[in-house]
Amino acid sequence: MSVTTYPKPPAGESAPAGNGPARALLRRWPTALALALTVPGLFSGGDGDPGGAVDAFGEALPLLPLLYLIVTQAGRPRWTWPTLGAGVAVMVALRTTGLVAPSTVLVAVAAGLLLWGAVRGTPHGGAVFGLQSAGAVLFCGLALAGLAVDPGLGRYLVAAGWLFHGVWDFVHLRMRRLDGIVSPTFAEWCGVVDVVIAAELLFAH
C-alpha cells in the first residue's frame, strides 16, 4: 500500500490560508471604515453651501496635526484613537456653544505643545519633533488661510491641507523611521479620509 505525499512549501512560506479575500478585507478595516464615513454627502459641512463646507473642514483641519503632536509628545501610539475621540468631542462642544472658533483653540493648543517640546524635548528625538513641528505649521497655516480668504479661494487652500495631510499619513504608515509615531491603523484610516475630503472640496459644486 502506497502513501501519497504532497510537496511541502519552501522554507519560510506557509500553505495558503483559507478565506484569503475575507482576511485581506479584515486587515483593511481602517480603509473600509474611512470610505463608509466619507460617502459623498455624509459629511456635508455646509448643506450644499461651498462656503459652509470650507468653514467646517477648515475648522477641523488643525485637529490632524494637533493629534500627531499630542501622540508624539506622549510617546504612546496606542493613545491615537482615544485622542481623536477626545478631539472630536471638544470640537463638537466648541461648535455647539459658539463661544470661540474650534480652529482658534486647536491652533493655540498646538502652539503650546510646540513650545513645550522645544523646551522639554520629545521621546522621539529632535529630528522627529522638527518634522512634526513643520507639519503643524503647514497644516494649521493652510487652515487659517483658507478660513480667512474668500470661500472660492479658501476651498482650494483647505483642500490642499487635507490632501497634503493624507500624504503625510501614508508617509508615516510606510516609512520605517516614522514607525511608532501614531497607530498604523489610524494613519491608514486618516489618510483615506483626508484624500476623500480633499476630493469632495475640490469637485463639489
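Sequential numbering from -13 applies to the sequence shown in the working numbering. Yeah, the Cβ is synthetic: ideal placement off N, Cα and C, and Gly gets one too. Just so you know, these numbers come straight off a predicted model, no measurement behind them.
CB of alanine 173 within 7 Å of CB of leucine 159, strictly = Pairing alanine 173 with leucine 159 gives a Cβ-Cβ distance under 7 Å.
Buried versus exposed, by CB contacts within 10 Å (16 or more), phenylalanine 189 | Per the 10 Å Cβ criterion, exposed.
Using beta-carbon positions only, say whether glycine 44 and alanine 129 come within less than 7 Å of one another.
-> Alanine 129 is positioned such that its CB atom lies closer than 7 Å to that of glycine 44.
Would the beta-carbon of leucine 92 fall within 7 Å of that of proline 48?
-> Leucine 92 is a Cβ neighbour of proline 48, given a cutoff of 7 Å.
Which word fits arginine 141, buried or exposed, when buried means at least 16 other C-beta atoms lie within 10 angstroms of its C-beta?
-> Arginine 141 should be labelled buried.
Continuous alpha helix (DSSP H) stretch holding glycine 138: start and end | Unbroken alpha helix (DSSP H) run through glycine 138: 137 to 160.
Chain-order list of residues whose beta-carbon lies under 6 Å from that of glycine 61 (same chain, five-residue window excluded) = Hits under 6 Å: Pro109.
Could you check what DSSP says for threonine 24 in three-state terms: helix, strand or coil?
-> Reduced to three states, the DSSP call for threonine 24 is coil.
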